[in-house]
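Worksheet: the structure to be examined is printed underneath.
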Amino acid sequence: MEAYHIKQTSEGPIRHAHSKNYADCLVVPSEKVVLYSVQRGTFGGRYCGLDEREEIFEEMMGVIRKGVAREGVNYSDAKKKDIDPLVLARLVSDARKFEQLRTSVKNGLKEILDSSK
223 MEAYHIKQTS EGPIRHAHSK NYADCLVVPS EKVVLYSVQR GTFGGRYCGL
273 DEREEIFEEM MGVIRKGVAR EGVNYSDAKK KDIDPLVLAR LVSDARKFEQ
323 LRTSVKNGLK EILDSSK
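Read the sequence shown against our numbering and you will find it ends at 339, with the numbers running on by one and no gaps.
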């Protein structure tokens, strides 16, 4: 299955040597998703996930097709990868489950905290 690897860097809200954000993105055109791993600044956390928002997918497809970038964001050249369809399908499925679980925990925590006011 066809996918594209793109590295993205951007400045954090404060211009500082340790505030750059780094992301490794895997764009999967057949699924219209972007899988990502992000490092927020030097001391920020690292996390990964899946983005299914159309505007993010289209932004990444613009980078792949034309090298069009958002202002303030630097992208590497898109590197095409051929990945075993079963491996990639399982990864996308797991990422969707991960996002559902994260949403469930976030909503449950908010509900508990709001009820204890």
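Think of the CB as a built atom: it goes at the ideal place given N, C-alpha and C, for glycine as much as any other residue.
In this text, all values refer to a predicted model and were calculated from it rather than measured experimentally.
Local conformation of residue i per DSSP, three classes
{"i": "residue 302", "result": "strand"}
{"i": "residue 324", "result": "helix"}
{"i": "residue 259", "result": "strand"}
{"i": "residue 290", "result": "coil"}
N-terminal and C-terminal residue of the beta strand (DSSP E) that residue i is part of
{"i": "residue 232", "result": "224-232"}
{"i": "residue 271", "result": "268-273"}
Opening and closing residue of the alpha helix (DSSP H) in which residue i lies
{"i": "residue 245", "result": "Run containing residue 245: none in the alpha helix (DSSP H); it sits in the beta strand (DSSP E), 243-250."}
Same chain, Cβ closer than 8 Å to residue i, neighbours up to 5 away in sequence not counted
{"i": "residue 229", "result": "244, 245, 246, 247, 297 and 298"}
{"i": "residue 334", "result": "none"}
Beta-carbon contacts of residue i that lie in its chain and below 7 Å, excluding the five residues immediately before and after
{"i": "residue 225", "result": "248, 249, 250, 303, 305 and 310"}
Whole-number beta carbon distance between residue j and residue i, since they are thought to touch under 8 Å
{"i": "residue 256", "j": "residue 279", "result": "6 Å"}
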